[in-house]
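Worksheet: the structure to be examined is printed underneath.
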Amino acid sequence: MPHRRVAVTSPQTRLAHARKRLRGRWRAPALDQADAERAQRLFRVQRRRAMVAVGWLFALVLLLPLVFALWPQLDTVRLLGIPVSWLMVVLIPFPAMVFLAVWQLRRAEKPEDQE
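Mapping the sequence shown onto the numbering used here, position 96 (from 1) lands on 132, and the numbers just tick up by one.
Next comes the structure, spelled out in structure tokens:
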């Protein structure tokens, strides 16, 4: 006997279908010429700044293994019984990424505040 397929949906989905709300197709809002030019200018500035942040992120991710390759003795040096290389893997990337994210967010918002 073949198995019958059953669609499993969340209660919110069933509720939305039960209400039969039809929404029109989404359309991008039309901007006047001045606003469209401002938006494009902001986008270019923010994209340029984002590329700098992505560059720093790649540098962070790629330079740490390079440090370990250049100085393998970091595995033998211990701090509180833990190899320094392990401490570097734990203590450097994540705080640096948080700092980088906050730095990028502030840099991305600055052009919007200036206009």
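Backbone N, C-alpha and C define an ideal beta-carbon position, used for all residues, glycine too.
Note that this is a predicted model, so its numbers are computed, not measured.
Item, Value
"Below-8 angstroms beta-carbon distance, R143 vs any chain D residue", "Of the chains in the structure shown, none is chain D; there is only one protein chain."
"First through last residue of the alpha helix (DSSP H) which encompasses Q82", "Q69 to L106"
"Residue range of the unbroken alpha helix (DSSP H) whose run includes A144", "P129 to Q150"
"Alpha carbon of D149 to alpha carbon of R143, nearest angstrom", "10 angstroms"
"Separation of L127 from M133, as counted between CA atoms", "11 angstroms"
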